[in-house]
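Here is the structure we will look at, set down as structure tokens.
There are 2 protein chains.
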Amino acid sequence: MGDNGEMRDVFDAVAHPTRRRLIQLLAEAGELPLHELTPHFPMGRTAVSKHLTILKEAGLVEVRKVGRETRYRLNAAPLQEIQDWVAYYSKFWSSNLMRLRKLLEEEE
Amino acid sequence: MGDNGEMRDVFDAVAHPTRRRLIQLLAEAGELPLHELTPHFPMGRTAVSKHLTILKEAGLVEVRKVGRETRYRLNAAPLQEIQDWVAYYSKFWSSNLMRLRKLLEEEE
DNA sequence: TTGACACGACACCAAAAGGTGTCATATAAT
DNA sequence: ATTATATGACACCTTTTGGTGTCGTGTCAA
Numbered sequence: 002m003g004d005n006g007e008m009r010d011v012f013d014a015v016a017h018p019t020r021r022r023l024i025q026l027l028a029e030a031g032e033l034p035l036h037e038l039t040p041h042f043p044m045g046r047t048a049v050s051k052h053l054t055i056l057k058e059a060g061l062v063e064v065r066k067v068g069r070e071t072r073y074r075l076n077a078a079p080l081q082e083i084q085d086w087v088a089y090y091s092k093f094w095s096s097n098l099m100r101l102r103k104l105l106e107e108e109e
Numbered sequence: 002m003g004d005n006g007e008m009r010d011v012f013d014a015v016a017h018p019t020r021r022r023l024i025q026l027l028a029e030a031g032e033l034p035l036h037e038l039t040p041h042f043p044m045g046r047t048a049v050s051k052h053l054t055i056l057k058e059a060g061l062v063e064v065r066k067v068g069r070e071t072r073y074r075l076n077a078a079p080l081q082e083i084q085d086w087v088a089y090y091s092k093f094w095s096s097n098l099m100r101l102r103k104l105l106e107e108e109e
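Here is the structure:
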């Protein structure tokens with residue numbers, strides 16, 4: 002529900018620096034139209050729009066039309082998937098375990 | 002340090018399903034050579050090798066040569082960057098804040 | 001109602017990504 | 001010594017990605 006058509010992997014959506022910057026800008030400002038987002042990037046309006054579409058396909062931004070402008074806002078909820086994923090591997094870098102694993106390797 | 006030559010964005014390295022699966026396999030097994038990793042994927046040895054190279058460039062896997070095989074093992078530490086990044090945005094999806102933000106939007 | 005603005009949709013293009021197969025080399029096994 | 005295995009390094013190909021510019025439509029302002 003909520004998403005029509007294509008769906009996009011959240012990991013993929015977040016992989017590009019431009020899109021992470023978009024997320025940051027939207028997090029700070031709450032809601033912004035395309036023409037206010039564009040000047041923050043070294044590229045044209047169309048390119049920024051496409052990045053926003055990708056974020057939208059991943060469920061990371063939502064859209065509201067106000068007059069002639071389209072306001073984009075962050076929906077961070079899908080990031081939960083990333084947090085869950087990375088949390089699982091956090092046990093592999095806790096400093097104690099890291100030292101332990103290194104020791105075990107030397108034994109072999 | 003420890004990385005020579007090209008460096009690779011961790012977000013980018015983790016964006017591809019094949020590479021996340023590689024991380025999982027290495028996390029479970031501790032250390033595996035290429036020819037044991039390959040059969041888990043619907044692609045050839047060369048392709049898997051390239052994915053491992055990308056993970057290596059991101060510092061996510063380390064390598065040890067044992068006889069004629071190259072053993073790959075996970076170094077999860079770079080994932081910390083992702084965890085830090087996503088932790089910042091977690092405040093935007095905590096259920097209380099989500100409800101609050103929605104209310105504020107309706108006011109406007 | 002005329003003109004400026006905001007945007008989506010589209011055609012287009014270069015570069016990167018993600019596969020393939022082949023070859024050369026180092027090691028292990030017979 | 002010879003043969004089989006494991007891998008890295010290439011050359012190559014197709015698809016996707018990330019950018020551009022243009023056009024058409026809807027909305028606001030004069």
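Residue numbers (my numbering), protein chains in the order written: chain Z, 2 to 109; chain G, 2 to 109.
Think of the CB as a built atom: it goes at the ideal place given N, C-alpha and C, for glycine as much as any other residue.
In this text, all values refer to a predicted model and were calculated from it rather than measured experimentally.
{"Check": "Length at least 3, wholly inside the stretch 38-81 of chain G: the beta strand (DSSP E) runs in chain order", "Outcome": "62-67, 70-75"}
{"Check": "Cβ-based burial, residue 48(Z) [other Cβ within 10 Å; buried from 16]", "Outcome": "exposed"}
{"Check": "8 Å contact criterion, which residue 64(Z) and residue 71(Z) should meet: CB distance rounded", "Outcome": "6 Å"}
{"Check": "Sheet register partners of residue 34(Z) (DSSP bridge)", "Outcome": "72(Z)"}
{"Check": "Rounded straight-line distance, which links the Cα of residue 96(Z) to that of residue 10(Z)", "Outcome": "31 Å"}
{"Check": "DSSP state of residue 16(G) mapped onto helix, strand, coil", "Outcome": "coil"}
{"Check": "Residue closest to residue 55(G), alpha-carbon to alpha-carbon, out of 87(G), 24(G), 94(G)", "Outcome": "24(G)"}
{"Check": "Residues of the stretch 66-94 of chain G whose Cβ lies closer than 9 Å to any Cβ of chain Z, in chain order", "Outcome": "74, 75, 76, 77, 78, 79, 80, 81, 83, 84, 86, 87, 88, 89, 90, 91, 92, 93, 94"}
{"Check": "Simplified DSSP state of residue 9(G), which is helix, strand or coil", "Outcome": "coil"}
{"Check": "Nearest-angstrom Cα separation, counted from residue 29(Z) out to residue 104(Z)", "Outcome": "45 Å"}
{"Check": "Amino acids of chain G, ordered along the chain, whose beta-carbon sits closer than 9 Å to that of residue 30(Z)", "Outcome": "The contacting residues do not exist; residue 30(Z) stays about 13 Å from chain G at best."}
{"Check": "Cβ contact (3+ pairs, closer than 8 Å) linking the stretch 69-84 of chain G and the stretch 71-89 of chain Z", "Outcome": "yes"}
{"Check": "Closer than 8 Å at the beta carbon, the chain G residues around residue 64(Z)", "Outcome": "Within chain G, no residue comes near residue 64(Z); the closest Cβ sits about 13 Å away, beyond 8 Å."}
{"Check": "Residue 14(Z) beta carbon less than 8 Å from that of residue 20(Z)", "Outcome": "yes"}
{"Check": "Local conformation of residue 94(G) per DSSP, three classes", "Outcome": "coil"}
{"Check": "Cβ-based burial, residue 36(Z) [other Cβ within 10 Å; buried from 16]", "Outcome": "exposed"}
{"Check": "Beta carbon proximity, residue 16(Z) to chain G, threshold 8 Å", "Outcome": "yes"}
{"Check": "Short CB-CB distance (under 8 Å) between residue 12(Z) and chain G", "Outcome": "yes"}
{"Check": "Nearest candidate by alpha-carbon position, reference residue 66(G), set 60(G), 75(G), 34(G)", "Outcome": "34(G)"}
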